[in-house]
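Engineer: Mapping of the first sequence onto our numbering: residues 77 to 323, in sequence order. Backbone N, C-alpha and C fix where the C-beta goes; we use that ideal spot for every residue, glycine too. From a predicted model like this one, the values you see are computed outputs, not experimental measurements. Below is a structure I'd like to ask you about.
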Amino acid sequence: MATHSALQAVQRRGPWLQEEDRRLTMFVTRMGERKWDSIAKASGLERSGKSCRFRWLNYLRPNLKRDRINSKEEEIIMKLHKKWGNKWSRIARWLPGRTDNEIKNYWNTHIKRKLLSRGIDPTTHRAIIDPSPATTISFTSNSAVEDQEDRKKQVNDSSPTEKRHLLDLNLDLKISPPYPVAAGAATTKNEGRNSLCFSCSLGFENSKDCSCGNGKNNIIASSDNSKGFDFLGLKSCVLDCRTLEIK
DNA sequence: AAATGGTTCAACCGCGGAATA
DNA sequence: ATATTCCGCGGTTGAACCATT
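Next comes the structure, spelled out in C-alpha cells:
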C-alpha cells in the first residue's frame, strides 16, 4: 500500500516564502497546532505536514525569541545538558521562547566547541586532558557529589599516575536565583536569598521542580541552606578541586 | 576583487512511540 | 490484536554568510 506521503503531489522543499508563512499562520490559527497533514492540504501549501509543523514550531509560533542566546541561557543549557544529555526538547522547556532546534544548534556551534577548547568532553562534561589544579568546581548534583566522593576515594587509593587521570574537571557554572532585594529588606548578603526558587525565577511557578512553594516566596524547606540551592533535584555546591571538599 | 575555508542555522531525514482505524 | 497514520525527537545536511588570505 502506498504511503500517504507517496500520494502527495510534488512537494516544495527548502526555504519558506513570505506567502507560505502567511498561509501557514492563517491555517494553524484556524485549525490549531494538530493534524499537520490536514493543515498542509487545506492550506494548499505544497509542503509536507512535517515541514509545516517544523516551520511553525521553530519560526512562526508566537512568543519566540529572535535574539541571540545570552550567557544566562547558555549557563542553563550547560547545566541541563549535563543532567539530561542531548534531550533538546526537554531542555527547551526551561528556556521560554527558545526551540529545541535552536538550542541544539547553539550547543553544536558554540558550547561544544567552547568546552572542547577547554579540554572538556562535551558529552560527559569531564576533562579530556589534565585539568588545572587551580580550577574551581561548582554546581554539582547530589549524585554528582556522591560521584565526587567515590572519585575522591579512588584518587586516594590510586597510584600517582592514576590520580592525574581520576581528578576530574567540572566547569559547570553555578546557577542561582536573582537575589530579591526588596525595598528595605535584605541588609546582609544572604538575607532574602531563598525567597524564590530557580524554577520560579524562570517563570515556572507551578512546576514540579518548584522548591519554594509555587512562587509564594516561601523559604526553602531545606534545613541546610549552606549546602546550596536546590534546582531540579540538584544542589548547587562548590567543590574545591585541590581538596575535593564540598563547600 | 576573487578565492578559499570556516561558521551558522534553517530545514530535512529517519526512527520510535502514541494514537487511531 | 493488528495495521496504519500521526507526531515528536535527535541527528544531519547544505546554503548563505562571514572572515581571511
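State the Cα-Cα distance for the pair Pro-138 and Glu-149, rounded to the nearest angstrom.
Structural biologist: Residue numbering aside, residue 138 sits at position 62 when the first sequence is read from its first letter. Residue numbering aside, residue 149 sits at position 73 when the first sequence is read from its first letter. Pro-138 and Glu-149: Cα-Cα distance of roughly 20 Å.
Engineer: Which first and last residues belong to the alpha helix (DSSP H) in which Asn-177 is found?
Structural biologist: Here the question's residue 177 lines up with position 101 in the first sequence. Segment 176-182, the alpha helix (DSSP H) holding Asn-177.
Engineer: Looking at C-beta atoms only, is the number of pairs between the region 146-160 and the region 117-130 that lie closer than 8 Å three or more?
Structural biologist: Flag = no, the region 146-160 and the region 117-130 do not touch.
Engineer: Given a threshold of 16 other Cβ atoms within 10 Å of its Cβ, counted over all protein chains shown, does Pro-198 qualify as buried or as exposed?
Structural biologist: In the first sequence, counting from the first residue as 1, residue 198 sits at position 122. Classification for Pro-198: buried.
Engineer: Check whether the Cβ atoms of Thr-101 and Leu-136 sit closer than 8 Å, and answer yes or no.
Structural biologist: Numbered from 1 along the first sequence, position 25 holds the residue referred to as residue 101. Numbered from 1 along the first sequence, position 60 holds the residue referred to as residue 136. For Thr-101 and Leu-136, yes; Cβs fall inside 8 Å.
Engineer: Where DSSP assigns a beta bridge to Ala-203, which residues make up the other side?
Structural biologist: To locate residue 203, count along the first sequence from 1; it is residue 127. In DSSP, Ala-203 forms a bridge with Ile-196.
Engineer: Looking only at its own chain, which residues have a Cβ that is under 8 Å from the Cβ of Glu-178, when we skip the five neighbours before and after it?
Structural biologist: Working through the first sequence from its first residue, we reach residue 178 at position 102. For Glu-178, where only same-chain residues beyond five positions count, the Cβ hits under 8 Å are Asn-134, Ile-145, Ala-168.
Engineer: Provide the residue span of the alpha helix (DSSP H) that contains Arg-123, from first to last.
Structural biologist: Along the first sequence, one-based indexing puts residue 123 at 47. No alpha helix (DSSP H) contains Arg-123, which DSSP labels as neither H nor E.
Engineer: Taking the alpha-carbon of Trp-132 as reference, which of Pro-172, Lys-163, Gly-108 has the nearest alpha-carbon?
Structural biologist: One-based indexing of the first sequence puts residue 132 at position 56. The shortest Cα separation from Trp-132 among Pro-172, Lys-163, Gly-108 belongs to Gly-108.
Engineer: Return the CA-CA distance between Asp-97 and Lys-158, expressed in angstroms with no decimal places.
Structural biologist: By 1-based counting over the first sequence, the position of residue 97 is 21. By 1-based counting over the first sequence, the position of residue 158 is 82. Using only the alpha carbons, I get a separation of about 36 Å.
Engineer: Mapping the DSSP letters down to three states, classify Leu-93 as helix, strand or coil.
Structural biologist: Counting from one through the first sequence, the residue named residue 93 turns up at place 17. Of the three classes helix, strand and coil, the one that applies to Leu-93 here is coil, per DSSP.
Engineer: Between Ile-115 and the rest of its own chain, which residues show a CB-CB distance below 7 Å, the 5 nearest in sequence each way excluded?
Structural biologist: Sequence index remark: in the first sequence, residue 115 carries index 39 (1-based). Contacts found: Phe-103, Val-104, Met-107, Gly-125, Cys-128.
Engineer: Quick one: grab the DSSP three-state call for Pro-149.
Structural biologist: Here residue 149 corresponds to residue number 73 of the first sequence, with the count starting at 1. For the record, residue 149 in the displayed sequence is Glu; it is not Pro. In this structure, Glu-149 counts as helix in the three-state DSSP scheme.
Engineer: Under a three-way DSSP split, which group does Leu-140 fall into?
Structural biologist: Within the first sequence, the letter at position 64 stands for residue 140. Leu-140 falls in the coil class under three-state DSSP.
Engineer: Could you round the C-beta distance between Arg-76 and Lys-141 to whole angstroms and report it? I think they count as a contact, below 8 Å.
Structural biologist: A question about residue 76 goes unanswered here, because the residues of the chain that appear run from 77 up to 323.
Engineer: Taking the continuous alpha helix (DSSP H) assigned at Trp-164, which residues delimit it?
Structural biologist: As a first step, residue 164 is located in the first sequence; it is residue number 88 there, counting from the start. Segment 164-168, the alpha helix (DSSP H) holding Trp-164.
Engineer: Could you give the DSSP three-state label for Arg-88: helix, strand or coil?
Structural biologist: What you label residue 88 is simply residue 12 of the first sequence in a count that begins at 1. Three-state result, Arg-88: coil.
Engineer: Pull up the distance between the alpha-carbon of Ser-147 and that of Pro-91, whole angstroms please.
Structural biologist: As a working note, residue 147 is residue 71 in the first sequence. As a working note, residue 91 is residue 15 in the first sequence. Distance between the alpha carbons of Ser-147 and Pro-91: 29 Å.
Engineer: Classify Ser-119: buried if its beta carbon has 16 or more other beta carbons within 10 angstroms, exposed otherwise.
Structural biologist: Within the first sequence, numbered from 1, the residue matching residue 119 stands at position 43. Buried, by the Cβ-count rule.
Engineer: Which residue wins for smallest C-alpha separation from Gln-87, given the options Ile-196, Leu-121, Trp-170?
Structural biologist: Counting from 1 along the first sequence, the entry for residue 87 is found at position 11. Selected option, being the one with the closest Cα: Leu-121.
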